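Numbering (this note's numbering), first residue to last: 1467 to 2171.
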Ligand code: 3HC
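Encoded structure:
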């Protein structure tokens, strides 16, 4: 049963009950239609209230049904809403939690709405590459006006029910200490008494505002091609100003049908579900508990450590930041003040909120102050010796049961855990810089990390607003291990014939917000240089092109020195440097490499498929739990274009047989390290079994290869 019907004093309560968020699945849709029919048949009922049974009102259409016949099966959502609106007895929506997408559309089809003041509503379909497909583009502008409707539907943002923009949407706003059902029932009775059944669809078209649509189209510029939902939304909302309701619904319906089949929508839906799936750790079930995490410490108050502390404070967690000198703590405190000051100036925080966040952070130089913390996150210099010193201190000072986390991005977590007497309590929490901004958190499970520590760390990530993805131990974990191959290809391309700006342009056209050379200049070329030097010693089997080493030798480290691969006269804007381009040509000549013209598609495929090949190895080694987790790492942490769904989803979309074909070509073309292009065994296995990354879940199958 997905909705239950009970009658109180003549009002039928239709309680939606489809966990976790009352997604409007086929079963729930059927049960609403049945309940409304029952309301109309039963003479003891004068009106009905639609409400979530101990759940949010509704998170919208059931996204997991999209792409399956169930999503179109009658009654579809449009038919459900028509049945509600056509009811001869009033139906009132009582909204707690959220009413989103189809959930809000259902509420708009009711004869009145009541909401908890703190409930949130919105039409976020655009984030899934869609437009509202159950009347949202036609009813919302009629109710709140074109400007607000267009803004809400194109941005997908949520608003609290009490927001001024939503004036007129709710018959009553209910305070958290009031009884939502009681208020909704009383409004339902008074609508029944009035004898009138207000319906939004019978309102005249919304007032035309051509200037608003022109401005919205002008703002689109190129983004309409990447996100085809945007121009469709503008056209559908415009239709609500010039067409009658039924004709406007036809415009919306046709657009929804087109959009749901687009690769962009499929990719965005994949990203949404992948992000939620990533939080589930396969072998750790509901029987495993979590540890208490109310207070934290961060060791190392540099840029990263201070960013992590701010992120914890923003989530309301008390945090002690430990440094070795007073001078360092003063610097860190100033950087917190600067960040909070900027947030207040931009209106993202009130002065009071900023003050409250600051009050949660304190600085110390004494490990003795950490005795009672629940978790300590080490964020010191990347050297095993530095980590040893910290972890030995933590082991001596932290209470039993506290979690010892390391922010290492490259070092062996098992070696770090072995510095302590409690390796089961040690876990990796790899933040991305700037830590208070970037959404990704790689949670690294060591060989001896306890299951409850893994579970606690994953939930902790979510609590501080991050997307947690589980990784096993390997050099670079999921993200950096793959990105190393991406950068290696970018440099090979340059020595073989492409110029850095061509590589950047090709990848930016693919959808990355910045090409690899602009990213390298931003991060500092010295970082890559030191990795290359280390690799030359540790892994001579992993050759790099030294094409950029000359720049580093001249002290050109990127934006921070106003010169790197590009010149930065103003410190920010990248300008091509003919001197660098000449030196690249000279370098190729010195290596006897005959430079050739390299197409944009080769540039994109060499860089992106390098991610895919390494990703396949990461999967087959069991470092990542599933291909979609790798996509989440790239979407949340590396600026991979969301409308392509992540590298593994992209590879599946291209077709793995084609991917392998391209790799075979690259093996012939590439001058340095052609062997990299031998497809990973998992890739070959998937091609030979006509399968793909999305369907591959069974690592043991690989062991028999
Ligand atoms: N359909 C199916 N499952 C959904 C869902 C939906 N619309 N929304 C959320 N879920 C699932 C998630 O996948 C997750 O599953 P899991 O437990 O297996 O991991 C679970 O619900 C909880 O989701 P969250 O982790 O996101 O929980 P939160 O409490 O943080 O957030 C939420 C809840 C605000 C509802 C958030 O999930 C959300 O924003 N959902 C998507 C809303 C949306 O985009 N709605 C539009 C759908 S398209 C539509 O309605 C078309 C219509 O116009 C015709």
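C-beta: ideal position from N, C-alpha, C; glycine also.
None of these values were measured; they are calculated from a predicted model.
Does the distance between the C-beta of residue i and the nearest non-hydrogen atom of the ligand 3HC fall short of 7 Å?
i, result
"residue 1530", "yes"
"residue 1567", "yes"
"residue 1907", "no"
"residue 2092", "no"
"residue 1536", "no"
"residue 1739", "yes"
"residue 1942", "no"
"residue 1623", "no"
"residue 1575", "no"
"residue 1723", "no"
"residue 2028", "no"
"residue 1472", "no"
"residue 1520", "no"
"residue 1543", "yes"
"residue 1742", "yes"
"residue 1979", "no"
"residue 1487", "yes"
Give me the residue from the options with the minimum Cα distance to residue i.
i, options, result
"residue 1742", "1768, 2094 and 1876", "2094"
"residue 2072", "1903, 2158, 2102 and 1950", "1950"
"residue 1591", "1819, 1583, 2059 and 1699", "1699"
"residue 1854", "1902, 1657, 1872 and 1964", "1872"
"residue 1916", "1890, 1897 and 1896", "1890"
"residue 1993", "1876, 1963, 2113 and 2100", "1876"
"residue 1919", "1893, 1943, 1906 and 1944", "1893"
"residue 2042", "2063, 2013 and 1968", "1968"
"residue 1635", "1856, 1585, 1675 and 1599", "1585"
"residue 1780", "1756, 1805 and 1788", "1805"
"residue 1975", "1902, 2106 and 1845", "2106"
"residue 1802", "1560, 1790, 1813 and 1829", "1829"
"residue 1926", "1549, 1774 and 1768", "1774"
"residue 1903", "1772, 1703, 1563 and 1923", "1772"
"residue 1941", "2000, 1695 and 1614", "2000"
"residue 2089", "2066, 1935, 1786 and 2156", "1935"
"residue 1681", "1664, 1701 and 1669", "1701"
"residue 2050", "1661, 1493 and 1966", "1966"
"residue 1695", "1732, 2086 and 1557", "1732"
"residue 2173", "1488, 1837, 1787 and 2007", "Because residue 2173 is not part of the residues shown, which for the chain are 1467 to 2171, the question remains open."
"residue 1600", "1619, 1776 and 1986", "1619"
So, are the CB atoms of residue i and residue j less than 8 Å apart?
i, j, result
"residue 2125", "residue 2075", "yes"
"residue 1761", "residue 1840", "yes"
"residue 2023", "residue 1988", "no"
"residue 2048", "residue 2054", "no"
"residue 1540", "residue 1711", "no"
"residue 1770", "residue 1573", "no"
"residue 1417", "residue 1589", "Any question about residue 1417 goes unanswered here, given that the chain covers just 1467 to 2171."
"residue 1939", "residue 1910", "yes"
"residue 1708", "residue 1674", "yes"
"residue 1850", "residue 2099", "no"
"residue 1481", "residue 1519", "yes"
"residue 1964", "residue 2064", "yes"
"residue 2143", "residue 2127", "no"
I need the straight-line Cα distance from residue i to residue j, nearest angstrom please.
i, j, result
"residue 2037", "residue 1795", "28 Å"
"residue 2171", "residue 2141", "For residue 2171, the predicted structure reports a pLDDT of 47, less than 50, and the residue's modelled location is therefore unreliable. A value from the coordinates is still provided. Their Cα atoms are separated by approximately 20 Å."
"residue 1479", "residue 1722", "31 Å"
"residue 1505", "residue 1495", "15 Å"
"residue 1651", "residue 1713", "34 Å"
"residue 2172", "residue 1627", "An answer regarding residue 2172 cannot be provided, because it is not within the stretch 1467 to 2171 covered by the chain."
"residue 1609", "residue 1995", "59 Å"
"residue 1526", "residue 1734", "16 Å"
"residue 1575", "residue 1666", "7 Å"
"residue 1690", "residue 1865", "55 Å"
"residue 1978", "residue 1470", "48 Å"
"residue 2174", "residue 1729", "The structure shown does not extend to residue 2174, since the chain is modelled only from 1467 to 2171, so the question has no answer here."
"residue 1528", "residue 1848", "45 Å"
"residue 1869", "residue 1913", "15 Å"
"residue 1811", "residue 1632", "27 Å"
"residue 1549", "residue 1727", "27 Å"
Is there contact here, the segment 1715-1723 with the segment 1511-1530, by at least three beta-carbon pairs under 8 Å? no
The segment 1618-1630 in contact with the segment 1651-1662 per 3-pair CB rule at 8 Å: no
Does the segment 1950-1962 come close enough to the segment 2074-2088 that 3 or more CB-CB pairs lie under 8 Å? yes
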